[in-house]
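Numbered according to the working numbering, the sequence shown spans residues 30 to 327. Ideal Cβ placement from N, Cα and C applies to all residues, glycine included. All values derive from a computational prediction rather than experimental measurement. Accompanying notes for the structure given below.
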Amino acid sequence: MSNTPNIIDGLHVASLVRDEVRCDVNDWLAAGNRPPKLQVILVGANQASKVYVGAKTRACNEVGIESETIVLPDTTSEKILKERIQELNNDDSVDGILVQLPLPSHMTPLAVIESIDYRKDVDGFHPMNVGRLTIGQPCYRSCTPAGIMHLLKHYSLSPRSKHVVVVGASNIVGSPAAIMLSRENDEGKATTTICHKYTKDLTLHTISADMVIVAAGVPGLITGQMIKEGAIVVDVGMNRIPDPTTERGYRLVGDCDYDSVAEKASWITPVPGGVGPMTVAMLMKNTLLAAKKAVYPD
Ligand code: NAD
30 MSNTPNIIDG LHVASLVRDE VRCDVNDWLA AGNRPPKLQV ILVGANQASK VYVGAKTRAC
90 NEVGIESETI VLPDTTSEKI LKERIQELNN DDSVDGILVQ LPLPSHMTPL AVIESIDYRK
150 DVDGFHPMNV GRLTIGQPCY RSCTPAGIMH LLKHYSLSPR SKHVVVVGAS NIVGSPAAIM
210 LSRENDEGKA TTTICHKYTK DLTLHTISAD MVIVAAGVPG LITGQMIKEG AIVVDVGMNR
270 IPDPTTERGY RLVGDCDYDS VAEKASWITP VPGGVGPMTV AMLMKNTLLA AKKAVYPD
């Protein structure tokens, strides 16, 4: 008999988050404050990065956050980039600073991220924010895992006491997601296993999981045979697959083989329309927090 999982609808939930931010921004303006401002830096002409920056700019416009994008050529030196960041750190009219990743290969991403004032690091990538996350202190939480936590909460899919397997251990998705899911004093409270490319037998772990969060960047990595009946599956993957039948010449797929996983899962995120829109919505939330100095008061 075929199984029909419940859909975790990121498009819908993200629009609710943006509505909430828009109302909060209106209240903030009505109280006599200037609009929150997000400063984006885009280095180089990576096509996917341009698309992501466009989505962030549109979301800012929608919720009443001012946004400005500095576009630098991909030959820009790390020194020049850091100088531009320093100017923004010192600019009181800028609340949030976001350097779009990936950076050109001659740059060290962590060194660039560390040059952002952590009080303006609305992406939540600065070691100060990551460190504070791990010990449960107020911080900017990385937008994608924060978006996953928000989705789970919206659908009352509590990770508490569940066995959650996170596939992928990057600094921006897998690792912070595992921290948020496992902290016993915050909303997570899950027993969490982190898998990565060195994991010997991935199925051994995923098959026993009540919830699987996949952020590996490998299309079709997780199949139905690898998950247990009734598992909750969150697919973070966003992979461009060449597809000459589409206008853009590609289509987006996740890290799960959707059809076979849907046969087993009780809940599942579609790709696109799952985690992706949440990332941008959480960025709007973080930028408003920055304007209000709610995380790091003066
Ligand atoms: P990354 O390349 O930095 O990290 C990938 C992680 O997956 C690594 O820890 C690696 O060890 C692990 N991995 C790779 N192959 C594996 C395998 N065969 N088995 C188990 N683990 C494996 O990637 P990232 O930046 O974390 O992104 C992961 C995916 O999520 C990508 O598809 C990316 O496009 C997507 N993403 C989506 C959003 C969003 O908003 N939805 C945001 C960020 C990233």
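Cβ-Cβ distance between residue i and residue j below 8 Å
i	j	result
ALA294	ILE251	no
GLY160	MET311	no
THR98	VAL82	yes
THR124	ALA320	Before going further, note that residue 124 is Asp rather than Thr in the sequence given. Yes, Cβ-Cβ distance for ASP124 and ALA320 is below 8 Å.
VAL69	LYS85	yes
VAL196	LEU231	yes
PRO385	ALA219	Because residue 385 is not part of the residues shown, which for the chain are 30 to 327, the question remains open.
LEU117	ILE109	no
GLU292	GLY253	yes
Reduced DSSP secondary structure (H/G/I, E/B, other) of residue i
i	result
MET307	helix
THR279	It is worth fixing the name first, because residue 279 is Tyr in this sequence and not Thr. Of the three classes helix, strand and coil, the one that applies to TYR279 here is strand, per DSSP.
SER199	coil
VAL151	coil
HIS192	strand
VAL54	helix
VAL300	coil
ALA60	coil
TYR81	helix
Residue i: first and last residue of the uninterrupted beta strand (DSSP E) it sits in
i	result
LYS66	66 to 72
MET240	240 to 243
ASN268	268 to 271
In DSSP terms, what residue i is bridged to
i	result
CYS14	Residue 14 is absent from the structure shown; the chain starts at 30 and stops at 327.
GLU95	LYS66
ILE261	MET240 and TRP296
CYS224	VAL196
ASN35	TRP296
LEU101	VAL72
Range of the contiguous alpha helix (DSSP H) that encloses residue i
i	result
LEU127	No alpha helix (DSSP H) holds LEU127; the beta strand (DSSP E) holding it covers 125 to 128.
VAL159	156 to 163
CYS172	172 to 183
C-beta neighbour in chain B for residue i, strict 8 Å
i	result
ARG87	Any reference to chain B falls outside this structure, which holds one protein chain only.
* Neighbourhood of ligand 1 [Cβ distance below 6 Å to any heavy atom], ordered by chain position -> THR173, VAL196, GLY197, ALA198, SER199, ILE201, VAL202, GLY203, CYS224, HIS225, LYS226, THR228, LEU231, ALA244, ALA245, GLY246, VAL247, LEU250, VAL265, GLY266, MET267, ASN268, VAL304, GLY305 and THR308
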